[in-house]
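See structure below.
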Amino acid sequence: MASATFERALRRVPEETHTFVGLSAEILDRLHALMAERGMNDDDLAQQMGISSDELAPMLSLGHNFTLRTIARLQHVLGETLISVSGTHESEFVHH
Amino acid sequence: MNNLLVIEELYRFRRVCFYTVRFDDDTLSETEKFITRILDTPDLEREYGEEMDTLIAVLEFIGDVRGAQRKYFREENNAEALPPPRGTLEAQELDIDNRLRLYCVRLSDEVVILFGGGIKTALSVQESSDVRMHFHLAQRIATALDEALREQHLKILGMDMFSDSNERLLYL
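Going down the list, the protein sequences come from chains A and B. By numbering that gives the first Met the number 0, the letter at position 66 of the first sequence is numbered 65, and the numbering carries on one by one without gaps. By numbering that gives the first Met the number 0, the letter at position 29 of the second sequence is numbered 28, and the numbering carries on one by one without gaps.
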């Protein structure tokens, strides 16, 4: 039988939080796929971004609130688009 | 302190059943105590309510959409802990960017047992008084769980967990 406490906690979650978690998972999937394509591990990415592994770790966790600045930095390091904006061409956002 | 734990179903999603543990003489499970402490204490709800919402949304996302993949869980950063004996289950936590820590053990893509949790205020467990006790309890439960599974007092089939007695019990 489901826990009433857990059901209450589930009911209060705003719809936007579900969207946020889903978006963060999709960005993470894309990030991991690009890292795998380039044979990069977490330490390599941290080094190329000029940050420590401890600073990178939260970005590789679900529910990380990526800033546009961080996404821009990741796109620059990886040379590929991480996210695109509806109605625009993704190539506009990667400066090679 | 009572050392008898009952393993109970917390919530069954489409792809994952989350179980929890309750001390035999308690009304609430360890996970329920964690949730109610944050949500029912006004100061904590103000400060951490949104992060609890995210944590619950992550559980639903894993439970309904992705399944309990290994990548969504991590071992706690606990420099003082000795490595567990080979093959022994270790307490884990949900790998989320959040100040709240919820300890657990992932047994398969379909079965996760959630323990208690708290607010992590420092990089290490030892320095975070709010989570330290929960982490150490989680480690003890993980060890007891490992033994119960190895000796087949508990068995897992898909999302279900069976016991060789009437109740799913663990002795700490």
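Each residue gets a CB set at the ideal place from its N, CA and C atoms; glycine is no exception.
Item	Value
Determine the chain A residues that contact residue 90/B at a beta-carbon separation under 8 Å, and present them in chain order.	The contacting residues do not exist; residue 90/B stays about 17 Å from chain A at best.
Residues of the segment 45–79 of chain A with a CB closer than 9 Å to any CB of chain B: list them in chain order, please.	53, 56, 57, 58, 59, 60, 61, 62, 63 and 64
Expressed to the nearest angstrom, what Euclidean distance is found between the alpha-carbon atoms of residue 43/B and residue 36/A?	43 Å
Applying the 10 Å Cβ sphere with the 16-neighbour rule, what's the burial state of residue 137/B?	buried
Exposed or buried, what is residue 0/A when buried is set at 16 or more other beta-carbons lying within 10 Å of its beta-carbon?	exposed
Which chain B residues are close to residue 16/A, counting only those with a beta carbon under 7 Å from its beta carbon?	52, 53 and 56
Could you name the residues of chain B that residue 35/A contacts, counting a contact when the two beta carbons are closer than 7 Å?	Result: empty, since nearest Cβ-Cβ is about 12 Å, beyond 7 Å.
What is the DSSP secondary structure of residue 110/B, counted as helix, strand or coil?	strand
Cutting at 7 Å between CB atoms, please list the residues of its own chain near residue 228/B, excluding the five before and the five after it.	Not covered by the structure: residue 228/B. The range shown for chain B is 0 to 171.
Can you pull the DSSP bridge partners for residue 105/B?	111/B
Comparing C-alpha positions only, which one of 157/B, 152/B and 171/B sits nearest to residue 165/B?	152/B
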